[in-house]
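Remarks on the structure that follows.
Chains as they are written, first to last, in the working numbering: chain A, 7 to 282; chain B, 7 to 282; chain C, 7 to 282; chain D, 7 to 282.
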């Protein structure tokens with residue numbers, strides 16, 4: 007593997023853990039990135055919870071969301087969300103799909119997202135809604151067919167976020183870090199917006215001008231670097247706290263441990279190494 | 007003990023810890039399973055908080071909720087909830103009874119549960135309510151008498167969830183994992199539904215068709231495996247973080263430690279073993 | 007010291023840590039107990055946050071809330087809350103005063119507490135309100151003078167809980183564990199009640215009969231033992247997770263460490279001992 | 007460096023960690039202090055998340071918010087908030103700027119802050135609002151230009167807190183501890199106020215007299231010392247739990263670790279030292 011790809015896989019595994027650790031994603035949802043060397047491919051984890059994803063878990067997909075090699079492991083069923091957006095938007099290099107609790111009240115009531123503080127500008131003013139039922143009738147709500155993914159990508163249009171009625175949110179970014187930044191701060195804004203609506207219906211939105219200018223904070227200030235360092239440390243601290251997991255946990259967690267063997271073996275090796 | 011029973015006890019202990027760790031249950035509530043070899047028996051922990059339950063804590067009950075042997079320890083008073091549902095529903099192999107905060111606003115106001123996102127479909131559309139007062143007048147609200155359990159089982163009918171006014175929720179599943187999955191995601195949905203109601207009264211429900219299809223996600227995709235791995239790791243990580251409990255905690259926690267001796271002794275033995 | 011007193015101090019230290027760990031109390035608030043051998047005395051910690059209290063921190067007060075010996079350390083200013091209730095209510099053996107977030111919406115709006123689930127019965131139906139302003143005009147809201155404490159005790163009357171407008175709550179119990187149980191579950195009920203009120207104004211209260219019967223759950227079932235074991239383990243696990251606190255934390259926390267020396271020295275001694 | 011400055015840097019690093027740990031600040035926001043020896047200077051961290059700030063991270067600024075020496079590292083862009091308040095208010099020795107979630111509903115709806123319990127008195131009755139748009143039109147909402155900082159300082163006037171519409175809050179204090187105390191308890195009050203507003207619109211405010219008297223609790227009782235000890239221990243415990251961070255976290259966190267090298271190297275050195 008080229009160095010950039012090694013580095014890319016590390017960055018993407020960390021991105022998955024960050025969005026999980028920040029409460030954007032639980033066992034479902036995923037963050038992908040466009041392949042650093044092949045713009046018509048993308049990297050997405052095998053089917054596992056984002057908080058557990060390691061650099062070795064990523065599968066290479068072509069732009070039609072077919073794996074380049076038989077991965078021999080379970081795959082996410084909703085990968086066309088990623089593939090169809092990479093197809094439609096050449097400037098997008100990372101996609102996050104999630105069902106963050108903060109957004110649920112907007113998605114269940116069809117309430118517009120409104121940026122109520124400067125960092126919420128990353129979501130734009132009134133990003134579009136998409137309802138799978140409109141084109142596809144009754145489904146299990148998962149975006150699985152290529153035409154479902156393409157429909158979602160059309161709804162996204164030139165925006166950075168699309169709200170999926172009775173389902174979740176899909177966020178796009180120019181890089182993995184940009185995508186994570188947008189995912190986290192749009193979720194914070196949604197949470198604050200919903201809380202604000204319990205106080206009064208007269209919510210003060212950023213103006214279009216303010217939204218445009220504040221939307222560039224992550225690109226033009228040290229804010230993105232600072233947040234990334236913060237979120238990374240929080241992931242590392244949490245892993246550190248759990249890292250001393252001893253036998254106490256084993257009796258009941260045996261099944262889980264067995265399932266997660268590849269990752270744990272790696273961790274053990276690293277531990278051993280670090281003792282020398 | 008047969009291997010399946012050993013495995014079943016492990017799985018059920020983990021299930022109890024998962025629902026506690028995911029905030030569905032605190033010191034009260036319990037998860038049971040039908041005995042893997044004897045369909046007219048079921049396994050339920052002795053009286054202790056689910057987060058502390060170990061494989062050794064389970065008592066075998068017959069279908070009338072009587073212990074097969076004198077357990078010599080305290081028992082849950084509400085075990086007829088489990089027994090009467092196993093009696094009435096042969097396809098049910100696991101039952102969870104809880105008082106999750108997320109449901110309380112529905113239970114205190116008699117508001118129907120509505121699936122507002124795909125994973126909430128596990129609770130069905132408008133699962134039934136049951137009010138102990140209707141048949142039994144003033145009680146301490148605990149479901150203790152066989153006829154109280156039978157009444158609750160009748161209210162459950164063919165559903166997978168029954169809402170108990172001014173009390174809690176009882177969830178049924180075809181397996182322990184199915185029951186845990188339903189318990190967790192119906193609680194998430196209830197939380198999102200309540201939050202949504204603070205934004206607007208016009209909540210968009212999944213259609214009956216969507217509910218039917220999305221209700222099969224756990225059975226037809228890799229979702230259940232992925233969630234179970236995730237929740238198991240969270241339990242293991244938490245135990246790991248606490249596992250390094252040293253003397254610092256002892257002065258004040260001595261009383262607690264003494265009470266919990268059997269479990270701790272076991273943990274110590276496991277630790278010792280794992281060092282060889 | 008008599009053995010009962012040693013045990014009582016341990017129990018009371020644990021009680022303080024439990025209410026802190028369960029979110030009832032932060033740096034303010036306190037739990038006291040009537041002296042096990044001298045009913046006209048009570049034990050209350052020196053001035054420090056309840057989560058940090060150790061068995062050595064308790065000061066003996068007479069029924070007029072004067073220390074038996076010059077304690078030589080800072081004291082809580084609100085100790086008359088405890089003394090005046092012990093004076094007025096011989097059957098009360100433990101008092102908890104707190105400012106739990108869950109109650110604040112009731113205290114800020116004068117909304118009656120309503121038991122909305124069985125465990126909420128520990129708070130009674132519509133426990134009384136007390137407003138310091140009524141008798142004492144503008145104060146700093148702290149209950150410091152004996153006549154302020156006596157007024158609060160009169161408002162409490164025969165109840166187990168009194169709601170203090172724009173301030174907090176005071177809970178009484180027949181034992182330390184009973185007092186902690188009432189404090190935790192009345193706070194849970196208040197939280198659920200407030201959430202329920204955002205869904206609809208028609209809250210279903212337990213009936214007087216149900217409240218009476220469910221209010222005896224902690225005395226008549228294994229519930230109190232089970233909860234105490236659970237809460238104790240949560241305290242022990244948290245201390246365990248933090249117990250591995252190494253030098254990493256020291257550079258910035260030095261000031262704090264110095265302030266807390268007595269406790270830490272003790273902890274160190276305990277650690278040393280436990281290694282032999 | 008003089009001893010007072012060494013001590014001041016330690017205190018300020020701890021203050022930054024406390025406000026982060028108590029949920030007032032995330033990756034953005036900052037706490038500064040007036041230089042202990044040079045009243046026309048102040049100390050503010052280089053650009054990094056407050057939870058990660060160490061005593062070595064502080065940069066000395068003159069009253070015009072220019073660094074005394076080229077710091078050679080990234081700086082916060084909003085430092086004029088601090089400089090202009092130190093210029094306008096000689097009795098202010100510490101400033102905290104934050105975007106605490108608890109305040110967002112007030113800032114998005116223009117709802118007055120009301121002290122609803124005694125500790126909320128630290129924020130005063132109806133502290134002033136400031137809207138950057140009024141004087142400066144569309145901006146990215148960051149307070150970067152000296153005239154923006156001066157305008158904010160004018161709005162603050164003689165108060166201890168100013169609410170910045172669609173942005174955040176700035177708090178002033180007579181000392182670092184006073185500023186932290188005000189920041190934490192005004193945020194708690196804001197949270198309780200917002201929750202109370204979901205129950206009823208008739209919120210009981212402290213009277214002006216009560217606000218005046220209760221606002222002196224931190225200065226006149228042992229409350230500030232007790233809170234500071236509590237918050238410091240919480241920071242130390244969290245660092246302790248994370249302190250056992252082993253190689254397990256490294257594979258995915260490598261990028262982050264590299265970025266944070268200066269701090270980690272320092273931490274290592276401290277660890278080594280403390281072992282002798």
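For glycine and all other residues, C-beta sits at the position ideal for the given N, C-alpha and C. Since the model is a prediction, treat every value here as computed from it, not as a measurement.
### Query
Mind checking whether residue 215(C) and residue 223(C) have CB atoms under 9 Å apart?
no
### Task
Tell me whether residue 184(C) is buried or exposed, calling it buried when 16 or more other Cβ atoms sit within 10 Å of its Cβ.
buried
### Task
Show which residues of chain C have a CB atom less than 8 Å away from the CB atom of residue 197(D).
107
### Query
To the nearest angstrom, how far is it from the Cα of residue 189(B) to the Cα of residue 171(B)?
17 Å
### Query
If residue 133(B) sits next to residue 186(B), beta carbons under 8 Å apart, how far is it from one beta carbon to the other, in whole angstroms?
The pair is not a contact, with the Cβ atoms about 17 Å apart (cut-off 8 Å).
### In DSSP terms, what residue 100(C) is bridged to
39(C) and 179(C)
#### Entry: When 109(C), 241(C), 150(C) and 206(C) are compared against residue 28(C), the one with the closest alpha-carbon
241(C)
### Query
Does the beta-carbon distance from residue 14(D) to residue 119(D) come in below 9 Å?
no
### Query
Under a three-way DSSP split, which group does residue 67(C) fall into?
strand
### Task
Could you tell me the boundaries of the beta strand (DSSP E) in which residue 168(A) lies?
167-170
### Query
With 16 other CB atoms within 10 Å as the buried threshold, where does residue 44(A) fall?
exposed
### Query
If you compare alpha carbons, which of 63(C), 65(C), 84(C) and 24(C) is closest to residue 227(D)?
84(C)
### Query
Roughly how far, in whole angstroms, is the beta-carbon of residue 110(B) from the beta-carbon of residue 201(C), given that I think they are within contact range, below 8 Å?
6 Å
### Query
For residue 48(A), which three-state DSSP category applies?
strand
### Query
Sorted by chain position, which residues of the same chain lie with C-beta nearer than 7 Å to residue 50(A)'s C-beta, five sequence neighbours on each side aside?
36, 38, 64, 65, 67, 82, 85 and 88
### Query
CB-CB under 8 Å to residue 124(D), same chain, minus the five flanking residues each way: which ones, in chain order?
212, 216, 220 and 223
### Query
Should residue 246(C) be flagged as near chain B, meaning a C-beta pair shorter than 9 Å?
yes
### Interface flag, residue 25(D) vs chain A, CB-CB below 9 Å
no
#### Entry: Same chain, Cβ closer than 6 Å to residue 290(A), neighbours up to 5 away in sequence not counted
Here chain A comprises residues numbered 7 to 282, so residue 290(A) is not present and cannot be evaluated.
### Query
Between residue 243(B) and residue 237(C), what straight-line distance do the alpha-carbon atoms span, to the nearest angstrom?
19 Å
### Query
Can you list, in chain order, the residues of the segment 84-111 of chain B whose Cβ is nearer than 8 Å to any Cβ on chain C?
105, 107, 110 and 111
### Query
Could you give the distance in angstroms between the alpha-carbon of residue 139(A) and the alpha-carbon of residue 41(A)?
32 Å
### Query
Would a C-beta distance cut-off of 9 Å place residue 106(D) and residue 174(D) closer than the cut-off?
yes
### Query
Who does residue 135(B) pair with in a DSSP beta bridge?
169(B)
### Task
Would you mind stating whether residue 191(D) and residue 98(D) have Cβ atoms separated by less than 9 Å?
no
### Task
Compute the distance between the beta-carbons of residue 176(D) and residue 91(D), then report whether it is under 9 Å.
yes
### Query
If we count the other Cβ atoms within 10 Å of its Cβ and call it buried at 16 or more, is residue 93(D) buried or exposed?
buried
### Query
Using the beta-carbon of each residue, which ones in chain D are nearer than 9 Å to residue 113(C)?
122, 123, 198, 202 and 210
### Query
Residue ranges of each alpha helix (DSSP H) run of no fewer than 4 residues wholly in the segment 179-225 of chain C, ordered along the chain?
182-203 and 214-220
### Message
Check this for me: beta carbons of residue 247(C) and residue 248(B), under 9 Å apart or not?
### Response
yes
### Query
Taking 9 Å as the CB-CB cut-off, is residue 294(C) touching chain D?
This structure gives no information on residue 294(C), because the portion of chain C shown stretches from 7 to 282.
### Task
May I ask you to list, following chain order, the residues of the segment 167-178 of chain A that have a beta carbon less than 9 Å from some beta carbon of chain B?
171, 172, 173 and 174
### Query
Measuring CB to CB, does residue 199(A) end up less than 9 Å from residue 126(A)?
yes
### Message
Below 8 Å on C-beta distance, what does residue 65(B) contact in chain A?
### Response
The premise fails here: residue 65(B) is roughly 17 Å from chain A at the closest Cβ pair, so nothing lies under 8 Å.
### Task
Measure from the C-beta of residue 30(B) to each C-beta in chain A and report whether the shortest distance is under 9 Å.
no
### Query
Can you round the beta-carbon distance between residue 149(A) and residue 102(A) to whole angstroms, since I take them to be within the 8 Å contact cut?
Their Cβ separation, rounded to whole angstroms, is 14 Å, which puts residue 149(A) and residue 102(A) out of contact at 8 Å.
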